[in-house]
Amino acid sequence: MLEAIKQAVLDGERKTAAELTGAALKQGVSPKEILDQALTPAMDIVGEEYERGDRYVPEMLISAEAMKGAMVPLKPLLADAGVEPKGRVVIGTVDGDLHDIGKDLVAMMLEGAGFEVINLGVEVTAEAFVEAVRERRPGILAMSALLTTTMVNMPVVIDALTRAGLRDQVKVIIGGAPVTQTYADEIGADGYASDAASAVKLAGRLAQK
Amino acid sequence: MAIESRRIERLCVLSADDVCTIDGKARSLLRTTGIDAGAEPFLEIFSGIGAKVGQRGRVTFPERVIDDALDSVPNRVLLYGRGGALPLDLGGDKVYLGTGGAAVRILDLEDGRARDPTLDDLADLAWLVENLDNIDFFLRPVVARDIASEALDLCKFYTSLANTSKHVMGSVGSVNTARDVIELASLIAGGRDSLVERPIISFITSWLVSPLTLDRQVSNVLVTIAEQGIPVALSTAPVAGSTAPATLAGLLVQVHAEELSGIVLSQAIKKGAPVLYGPVPAVADFRTMGYAGGAIESALLNVACVQLADWIDVPIYADAGLTDSKLSDVQAGYEKGMNILLLAMAGGDYVHHSAGMLESMLTVSYEQYVIDNDIIGMAIRALQGIEISDQTLATSVIEGVGPGGHYLTHPHTLAHIRTDEYFVPATVDRQGRAAWEKKGAVDGRERARQIAREILHRERKGFILEDVDREIRNRFDLTGCLRGPGNE
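Line by line, the protein sequences are chains X and A. FYI, in the working numbering the residues of the first sequence are 12 to 220. FYI, in the working numbering the residues of the second sequence are 92 to 579.
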């Protein structure tokens, strides 16, 4: 049964993964067993294949979707059992910028890696980011911008967090075509990632701190 | 370098039936799905010409609305420089290739390191392009990072116009800067009417974010530009597999629909507004979803777009010359060589991104402009084909020399070796090994750097007259722009 769930995730079969997970739970398999022996190993393989260049991004995303499907019945049970998600991430494209494909890619991959993701969408104002940090208490705030004219809104958000007294409660990570590590350092962000896969790694590192 | 006479057939990757099918599917997509036009003033603009405004900003387009726009949109657009060259004549058989991009990095000419571009770099690049004969126009290639973003639009147009006489194209961030830039260009052109009659600048607006969603801020800029009658490229940049279908044909249907909707918008703003059909179609590398500008599929898409533009008879702002390499290496050479040649063969009217670009659109380098100047020259030479006439067939010359003779000093040889018959690239090495070693055994990149340095050290002439410059500086605060004439 666990092997079949793992295979369903590898194949990106969301419905099958969810159904098999439900059936396994009924048979008395523990949620932690399903997570540790089927879902996590499947996503590990997906990650390795991706690193080797053998798995394409859409194929990885569809596996992440299947993983999410399997998590639906598991989540409440895991929470009851005291198993926490890896971390919570609030993510959005900054004010004035409509480009969401890169940001959504990061969001999907973070979810696939076991993060809880709150996606605020595009043209997110500093106020909206601050509000989300205050309400949802994420460990990580992730911002994206495609344009040189909109990336300047990133430090605006960081300033707003500081003014709201929230800056030390959240790690801020940034990305997008014109953004660089140097820029992240300049504006006092906690991290920068050049692509979705490194964003997931970065989030993993920051979540452990 | 425009070709004077084309002797080879235009390259097609789609049959006439394919083109017709894609155009039909795109129109049907606009009829049924339409675009998300957001809010006013666009809903009113669209409904004013008979497009249907649905719920939540959705606008669909009856066939007649599209046909009306295609009737009024100009089929020919002339873009002017301020040197002796003829204007760029877009919409016919001519092919022009020039720079492009809004790169956020530049490779330093001396140490090769990637750094932030400055306004000085923009001035140097404009001067470099001024001196590279095969590059036909100067589309502002870098985002100067040493200038506040509010001042950037005006400064970049000023700096470009001050350092090259070639046609200058760029984008603007807001309605106000659009007005300022038009006023600045009017002062240089000798009045607003002269500017409209002989546009020495033109604009790019990325008015639509794929798939099928109007960018309201940029579209407002488009409204301002179209109202003034300055030529504008309607740029939309779908990527296969993320913001467009993963199949090349599917992407073409979507991008053609997007472009048609843009033409409709421009003509709704002002009948007869000059626009360029401006698809920037691309594919991604599915291993990373990273942009793959140098991919051969990108070239196929762009050639297909030339055919689609031709079908609706609107001049095209096409795209060739991207590479995904980070430096001027072998990959840059073969990616650029292939896609520039293919687009030139297809007959793209105004082909941007054709010089200087690296890392898709993110980086430029000085030496790459010099190298691409050669690639463009070779592509254009290929288009000219082989001239056949009594003079070139040279049968009487062959008879005169006879068996066993030679042609080295024949008048016919001397009459032809310095003509268009031969293109001589500046960066290639054709010496023998010993001579090459004696000259330092350097590669093409280093030779290109040497040429770039030589051009940058040439005595510069300003391209904005002193009294005009004074007038401009009285009108606008150009504190950051020191590279006008007399300000070296």
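Positions of the beta carbon are idealized from the N, C-alpha and C atoms, including for glycine. In this text the structure is predicted, and so the values were computed from the model without any measurement.
- In the same chain as A/Ala117, and ignoring 5 residues on each side of it, the C-beta atoms closer than 7 Å to its own belong to Val344, His347, Ala348, Leu351, in chain order.
- The contact set of X/Pro69 on chain A, defined by CB atoms closer than 7 Å, consists of Gly332, Phe377 in chain order.
- Separation of the CB atoms of A/Glu562 and A/Leu278 is rounded to 6 Å, and the pair is thereby assigned contact status at 8 Å.
- For A/Trp218, the number of other beta carbons within 10 angstroms of its own is at least 16, and it is reported as buried.
- Look at X/Val57 here: in three-state DSSP terms it is helix.
- The Cβ atoms of A/Leu170 and A/Ser293 lie closer than 9 Å to each other.
- Here A/Ala517 is near A/Ile542, since their CB atoms are less than 9 Å apart.
- DSSP, read as helix, strand or coil, puts A/Leu556 in coil.
- Counting the other CB atoms within 10 Å of its CB gives A/Gly412 a total of 16 or more, which places it among the buried residues.
- When the alpha-carbon of A/Phe133 is set against those of A/Arg270, A/Gln308, A/Thr124, the nearest one is in A/Gln308.
- Apart from sequence neighbours up to five positions away, the residues of its chain that approach A/Ala364 with a beta-carbon distance below 7 Å are Ala317, Gly320, Ser357, Gln358, ordered along the chain.
- For A/Leu170, the pairing in a beta bridge is given by DSSP as A/Leu179.
- Taking 3 residues as the shortest admissible run, the segment 46-131 of chain X contains the following complete beta strand (DSSP E) segments, listed from N- to C-terminal end: 99-104, 127-130.
- A Cβ-Cβ contact shorter than 9 Å links A/Ser256 with A/Gly172.
- Taking 7 Å as the Cβ-Cβ cut-off, the segment 173-191 of chain X approaches chain A at Ala188, Pro189, given in chain order.
- Pairing X/Ile198 with X/Ala153 gives a Cβ-Cβ distance that is not under 9 Å.
- Judged by pairs of C-beta atoms under 8 Å, the segment 126-138 of chain X touches the segment 94-104 of chain X, as three or more such pairs exist.
- Under the three-state reduction of DSSP output, A/Thr296 falls in the strand class.
- Chain X has no Cβ within less than 9 Å of the Cβ of A/Leu449.
- In the three-state DSSP reduction, A/Met380 falls in the coil class, being neither helix nor strand.
- Here A/Gly353 is not near A/Gly332, since their CB atoms are 9 Å or more apart.
- Note that the C-beta distance between A/Asp415 and A/Gly385 is below 9 Å.
- Between the C-alpha atoms of A/Arg544 and A/Ala235 there is a straight-line separation of about 20 Å.
- A/Val421 sits exposed, since fewer than 16 C-beta atoms from the chains shown fall within 10 Å of its C-beta.
- Those residues of the segment 452-474 of chain A placed with their C-beta closer than 9 Å to a C-beta in chain X are Met452, Leu453, ordered along the chain.
- For the segment 150-167 of chain X, the set of positions with a beta-carbon nearer than 8 Å to some beta-carbon of chain A reads Thr159, Thr160, Val163 in chain order.
- In the DSSP assignment, no residue is bridged to A/Asp224.
- Rounded to whole angstroms, the separation of the alpha carbons of A/Val195 and X/Ile112 is 20 Å.
- Legend: CB atoms of the segment 48-65 of chain X lying less than 7 Å from CB atoms of chain A belong to residues Gly64.
- For A/Asp306, the residues of chain X that pass the 9 Å Cβ criterion are Leu109, in the order they occur in the chain.
- Note on geometry: alpha-carbon atoms of A/Phe514 and A/Asp224 lie some 12 Å from one another.
- Taking 8 Å as the cut-off between beta carbons, the residues of the segment 248-274 of chain A near chain X are Gly264, in sequence order.
- Restricted to the segment 268-351 of chain A, the beta strand (DSSP E) segments that are unbroken, complete and at least 3 residues in length are 292-296, 323-327, listed in chain order.
- Close to chain X, meaning a Cβ-Cβ distance shorter than 7 Å, is no residue of the segment 343-357 of chain A at all.
- Here A/Pro494 is exposed: its Cβ has fewer than 16 other Cβ atoms, across all protein chains shown, within 10 Å.
- A/Pro372 and A/Val110 have their C-alpha atoms roughly 16 Å apart.
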